[in-house]
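Visitor:
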Amino acid sequence: MRVFIVALLATLTLAQALVKEEIQAKEYLENLNKELAKRTNVQTEASWAYASNLNDENEKKKNEISAELAQFKKEVLSDNQKFQWHNYQSDDIKRQFKRLSEMGNAALSEVEYADFLETKSAMESNFAKVNICNYKENAKCDLELEPEIEEIIGKSRDHEELKYYWREFYDKAGTAVRSNFERYVELNTKAAKLNNFTSGAELWLDKYEDDTFEQQLDNIFAEIRPLYEQVHGYVRYRLRKYYGNEVVSENGPIPMHLLGNMWAQQWSEIADIVSPFPEKPLVDVTEEMEKQGYTPLKMFQMGDDFFTSMNLTKLPKDFWDKSIIEKPTDGRDLICHASAWNFYLKNDVRIKQCTRVTQNQLFTVHHEVGHIQYFLQYQHLPFVYRTGGNPGFHEAVGDVLSLSVSTPKHLEKIGLLSNYVRDDEARINQLFLTALEKIVFLPFAFTMDKYRWALFRGEVEKANWNCEFWKLREQYSGIEPPVVRSEKDFDPPAKYHVSADVEYLRYLVAIIIQFQFYKSACIKAGQYDANNAELPLDNCDIYGSAAAGEAFHNMLSMGASKPWPDALEAFNGERIMSGKAIAEYFEPLRVWLEAENIKNSVHIGWTASDKCVAS
Numbered sequence: 017m018r019v020f021i022v023a024l025l026a027t028l029t030l031a032q033a034l035v036k037e038e039i040q041a042k043e044y045l046e047n048l049n050k051e052l053a054k055r056t057n058v059q060t061e062a063s064w065a066y067a068s069n070l071n072d073e074n075e076k077k078k079n080e081i082s083a084e085l086a087q088f089k090k091e092v093l094s095d096n097q098k099f100q101w102h103n104y105q106s107d108d109i110k111r112q113f114k115r116l117s118e119m120g121n122a123a124l125s126e127v128e129y130a131d132f133l134e135t136k137s138a139m140e141s142n143f144a145k146v147n148i149c150n151y152k153e154n155a156k157c158d159l160e161l162e163p164e165i166e167e168i169i170g171k172s173r174d175h176e177e178l179k180y181y182w183r184e185f186y187d188k189a190g191t192a193v194r195s196n197f198e199r200y201v202e203l204n205t206k207a208a209k210l211n212n213f214t215s216g217a218e219l220w221l222d223k224y225e226d227d228t229f230e231q232q233l234d235n236i237f238a239e240i241r242p243l244y245e246q247v248h249g250y251v252r253y254r255l256r257k258y259y260g261n262e263v264v265s266e267n268g269p270i271p272m273h274l275l276g277n278m279w280a281q282q283w284s285e286i287a288d289i290v291s292p293f294p295e296k297p298l299v300d301v302t303e304e305m306e307k308q309g310y311t312p313l314k315m316f317q318m319g320d321d322f323f324t325s326m327n328l329t330k331l332p333k334d335f336w337d338k339s340i341i342e343k344p345t346d347g348r349d350l351i352c353h354a355s356a357w358n359f360y361l362k363n364d365v366r367i368k369q370c371t372r373v374t375q376n377q378l379f380t381v382h383h384e385v386g387h388i389q390y391f392l393q394y395q396h397l398p399f400v401y402r403t404g405g406n407p408g409f410h411e412a413v414g415d416v417l418s419l420s421v422s423t424p425k426h427l428e429k430i431g432l433l434s435n436y437v438r439d440d441e442a443r444i445n446q447l448f449l450t451a452l453e454k455i456v457f458l459p460f461a462f463t464m465d466k467y468r469w470a471l472f473r474g475e476v477e478k479a480n481w482n483c484e485f486w487k488l489r490e491q492y493s494g495i496e497p498p499v500v501r502s503e504k505d506f507d508p509p510a511k512y513h514v515s516a517d518v519e520y521l522r523y524l525v526a527i528i529i530q531f532q533f534y535k536s537a538c539i540k541a542g543q544y545d546a547n548n549a550e551l552p553l554d555n556c557d558i559y560g561s562a563a564a565g566e567a568f569h570n571m572l573s574m575g576a577s578k579p580w581p582d583a584l585e586a587f588n589g590e591r592i593m594s595g596k597a598i599a600e601y602f603e604p605l606r607v608w609l610e611a612e613n614i615k616n617s618v619h620i621g622w623t624a625s626d627k628c629v630a631s
């Protein structure tokens with residue numbers, strides 16, 4: 017009995033000690049979150065300076081400060097291990113410690129982390145500085161990706177000119193950094209193992225907090241694939257009519273240089289030659305924007321207005337004072353790719369975008385302002401929670417606005433569209449245009465990370481790295497390069513996110529959940545009723561809806577303080593990702609496409625590509 021009492025007292029003493037330690041841990045976390053926010057602000061300022069002005073001095077400073085932050089995080093990890101946090105009562109404290117235990121690439125040794133940063137900077141810098149000679153004026157060699165090359169790829173209908181620009185860009189943006197990319201994969205793998213993951217794939221997937229996440233995405237993509245194949249078959253059929261049988265085959269992959277985008281990730285730029293009803297004008301308000309004297313500033317003011325109309329947070333003064341919303345004219349090199357930045361101080365949020373006055377850029381502006389709204393909604397949380405429910409949530413928020421802004425209803429409301437007759441044919445045209453942006457994007461997004469996962473996991477021999485990339489692009493998207501590629505080439509880094517070490521799964525997840533968000537927001541706004549033909553999902557405008565705004569606030573303000581299914585549930589009562597809302601949105605198009613493809617004997621699917629060969 018006495019032994020039992022002694023053991024009980026010892027247990028009570030241990031339990032009391034643990035309670036006392038948990039109180040101390042709470043205070044420790046409060047101080048640590050403030051310190052991390054301060055240090056991350058310094059690092060983000062250095063990254064902003066470099067991305068806004070690509071020079072050696074800024075690169076050196078950025079890498080030095082990033083290395084200092086990495087070293088501090090290692091010290092934090094060591095300190096964290098002194099706490100028995102796994103045994104605490106508070107789920108919140110345990111969640112904070114778990115997130116603070118995630119080191120990422122900073123787990124590398126000081127020397128190797130510096131190597132990692134230099135390797136990544138070399139790829140980013142190479143991508144940003146690509147210049148190409150003009151196809152028609154070979155002595156003019158100052159064409160950059162944004163805006164010149166992208167505009168040519170989108171507007172030219174000369175397949176030889178398109179082939180020229182495609183080859184030149186991929187050779188310079190991709191092949192030139194193969195050795196850097198090989199080193200990057202080595203260091204990524206080492207960092208993953210230091211974080212107790214088997215590979216970088218598992219490290220990236222861990223952010224989604226679900227061991228079955230990869231399989232869930234496979235299942236959702238399998239549901240959506242039949243619609244993609246109908247879109248693909250119809251586009252190939254129309255391109256063959258336009259360019260001829262010698263350029264586009266009847267049943268093979270589509271040559272990607274013909275699809276209006278350097279990476280064939282969205283095909284909306286070729287809507288003028290593949291639209292189902294060409295006699296019906298497609299919604300494109302670019303000309304009207306120019307006529308009305310739109311500026312990048314006005315476009316961002318409209319993005320701000322959309323959120324405030326839903327009773328959400330207005331863009332702060334720092335945003336307007338510190339953002340770069342037009343390409344500088346002082347000759348500096350910078351990363352023009354649109355991006356939103358959080359500086360982890362109250363109201364210090366910015367966007368860097370070389371904005372052009374076009375319809376697509378108007379939608380991009382709303383997407384980026386969506387990121388900023390997310391930053392503002394969760395800035396009250398501890399530093400460790402100031403991010404999205406999962407990486408896809410951040411991308412989805414602005415995309416919901418873009419879906420709403422792109423509707424004829426909204427464009428009429430803001431005076432950019434007039435005399436538009438939305439009959440059945442116009443509706444199919446508009447749904448098809450959206451499919452060229454959203455449905456087409458899904459297999460592209462999936463392959464960007466499926467490819468890198470395979471490399472991180474060591475599933476592909478280095479001698480096959482390039483052809484494996486094109487094998488996946490053909491397998492999932494049914495596209496191929498316009499010229500034969502080999503292992504002497506290396507094309508994956510010709511996509512910015514690959515060169516910049518940005519996980520891409522977030523964009524795939526964003527497409528799926530944005531339709532879930534959109535459907536729910538439209539119902540809350542009284543703009544969608546499945547039983548009312550006057551309130552279809554594809555013409556829903558949530559502008560001005562306080563009810564939709566409240567749902568957004570409930571979800572966004574949670575940041576990452578809870579697992580993402582909790583955040584999704586706060587928005588629409590659901591806890592799982594689903595492709596049902598996408599199917600619902602595109603159902604009229606699916607019905608039309610299937611009938612039209614049968615009528616025209618369109619081949620669905622594609623044969624294997626022969627456009628990548630081993631060296």
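Here the working numbering is used: the sequence shown runs in plain steps of one and ends on residue 631. Even glycine gets a Cβ: it sits at the ideal position worked out from N, Cα and C. These numbers were taken from a predicted model, which means no experiment stands behind them.
With DSSP run on the structure shown, which of helix, strand or coil describes Val-629?
Guide: Val-629 falls in the strand class under three-state DSSP.
Visitor: Could you compute how far the alpha carbon of Lys-89 sits from the alpha carbon of Ala-123?
Guide: Going from the Cα of Lys-89 to the Cα of Ala-123 covers about 8 angstroms.
Visitor: So, helix, strand or coil for Leu-24, using DSSP?
Guide: No answer about Leu-24 holds up, because its pLDDT of 43 lies below 50 and its placement is not dependable.
Visitor: For Trp-655, does the three-state DSSP call read helix, strand or coil?
Guide: No answer is possible for residue 655: the residues shown for the chain start at 17 and end at 631.
Visitor: Near Gln-317, which residues of its chain fall below 7 angstroms by C-beta distance, leaving aside the five closest residues on each side in sequence?
Guide: Nothing meets the Cβ criterion.
Visitor: Considering only residues of the same chain and omitting the five flanking positions on each side of His-619, which have a CB-CB separation below 7 angstroms?
Guide: Excluding residues within five positions, the ones whose Cβ falls inside 7 angstroms are Gly-249, Glu-266, Asn-267.
Visitor: In three-state DSSP terms, what is Ser-117?
Guide: Note: Ser-117 maps to coil in three-state DSSP.
Visitor: Judging by CA-CA distance, which residue of Gln-100, Glu-80, Arg-473 is the nearest neighbour of Ala-130?
Guide: Among Gln-100, Glu-80, Arg-473, the Cα nearest to that of Ala-130 is on Glu-80.
Visitor: Please identify the residue among Phe-409, Ala-86, Thr-423, Phe-322 whose C-alpha is closest to the C-alpha of Asp-582.
Guide: If we check each option's Cα against that of Asp-582, Phe-409 comes out closest.
Visitor: In chain order, what residues of the same chain have a beta carbon less than 7 angstroms from the beta carbon of Lys-511, not counting five sequence neighbours either side?
Guide: Excluding residues within five positions, the ones whose Cβ falls inside 7 angstroms are Trp-279, Met-464.
Visitor: Among residues of its own chain, excluding the 5 on either side of Val-35, which ones have a beta-carbon nearer than 7 angstroms to its beta-carbon?
Guide: Cβ neighbours of Val-35 beyond the five flanking positions: none.
Visitor: To the nearest whole angstrom, what separates the beta carbons of Lys-42 and Ile-109, a pair I think is in contact under 8 angstroms?
Guide: Confirmed, Cβ separation roughly 6 angstroms.
Visitor: My guess is that Gly-621 and Glu-245 are in contact by the Cβ rule of under 8 angstroms, so how many angstroms apart are they, rounded?
Guide: Their Cβ separation, rounded to whole angstroms, is 6 angstroms, which keeps Gly-621 and Glu-245 in contact under 8 angstroms.
Visitor: Drop a sphere of 10 angstroms on the beta-carbon of Gln-446, count the other beta-carbons inside from all chains shown, and report buried for 16 or more, exposed for fewer.
Guide: Buried: at least 16 other Cβ atoms inside 10 Å.
Visitor: According to DSSP, what are the bridge partners of Val-299?
Guide: According to DSSP, Val-299 bridges with nothing at all.
Visitor: Helix, strand or coil: how does DSSP classify Ile-270 here?
Guide: Residue state, collapsed to three classes: strand.
Visitor: What is the residue span of the alpha helix (DSSP H) that Arg-241 lies within?
Guide: Element bounds for Arg-241: 229-259.
Visitor: Got a sec? Which residues, its chain only, sit under 7 angstroms from Trp-101 by beta carbon, not counting five neighbours each side?
Guide: Contacts found: Ala-41, Ile-109, Lys-110, Phe-113.
Visitor: My output table needs one value for Lys-330: the three-state DSSP class, helix, strand or coil.
Guide: It is coil, neither helix nor strand.
Visitor: Just the C-alpha distance for Ile-341 and Lys-333, rounded to the nearest angstrom, thanks.
Guide: Taking the straight line joining both Cα atoms gives about 15 angstroms.
Visitor: Note down, in chain order, each residue of its chain lying with its Cβ closer than 7 angstroms to the Cβ of His-382, except the 5 sequence neighbours on either side.
Guide: Gly-319, Phe-322, Gly-414, Leu-417, Ser-418, Val-421, listed in sequence order.
Visitor: Examine chain B for any beta-carbon lying closer than 7 angstroms to the beta-carbon of Ala-354, and answer yes or no.
Guide: Note that chain B does not occur in the displayed structure, where there is just one protein chain.
Visitor: By how many angstroms is the C-alpha of Tyr-253 removed from the C-alpha of Asn-261?
Guide: About 10 angstroms.
Visitor: Nearest to Pro-297 by CA position, among Leu-328, Glu-61, Ser-434, is which residue?
Guide: Of the listed residues, the one whose Cα sits closest to Pro-297 is Ser-434.
Visitor: If we call anything under 7 angstroms between Cβ atoms a contact, is Tyr-601 one with Leu-553?
Guide: It is a contact, given that the beta carbons lie within the stated cut-off.
Visitor: In angstroms with no decimal places, state the Cα-to-Cα distance between Glu-118 and Ile-289.
Guide: Their Cα atoms are separated by approximately 49 angstroms.
Visitor: If the criterion is Cβ atoms closer than 7 angstroms, does the pair Phe-460 and Gln-281 meet it?
Guide: Against a cut-off of 7 angstroms, the Cβ pair of Gln-281 and Phe-460 comes out as a contact.
Visitor: So, helix, strand or coil for Ala-33, using DSSP?
Guide: Looking at Ala-33 - three-state DSSP - the assignment turns out to be helix.
Visitor: Short of 6 angstroms in beta carbon distance, which residues of its chain neighbour Cys-556, apart from the five on each side in sequence? Order them along the chain.
Guide: Only Cys-538, Gln-543, Tyr-544 meet the Cβ criterion.
Visitor: Does Trp-357 come out as helix, strand or coil in the three-state DSSP assignment?
Guide: Correct three-state label for Trp-357: strand.
Visitor: So the candidates are Ala-479, Tyr-104, Ser-215, Asn-327; which of them puts its Cα closest to the Cα of Glu-562?
Guide: With the sequence shown as reference, residue 562 is identified as Ala, and Glu is not the correct amino acid for it. Comparing Cα-Cα distances from Ala-562 to each of Ala-479, Tyr-104, Ser-215, Asn-327, the minimum goes to Asn-327.
Visitor: Can you name the start and end residues of the alpha helix (DSSP H) that Val-661 belongs to?
Guide: A question about residue 661 goes unanswered here, because the residues of the chain that appear run from 17 up to 631.
Visitor: Does the beta-carbon distance from Pro-271 to Pro-498 come in below 7 angstroms?
Guide: Yes; because the gap between Cβ atoms is below 7 angstroms, this pair is in contact.
Visitor: Have a look at the DSSP bridge pairing and note the partners of Ser-502.
Guide: Paired residues: Val-629.
Visitor: In the DSSP assignment, the alpha helix (DSSP H) including Ile-341 goes from what residue to what residue?
Guide: Run containing Ile-341: none; DSSP gives neither H nor E here.
Visitor: Glu-38 and Tyr-104 look like a contact to me (Cβ under 8 angstroms); what is the Cβ gap, rounded to whole Å?
Guide: Right, the Cβ-Cβ distance comes to about 5 angstroms (below 8 angstroms), so this counts as a contact.
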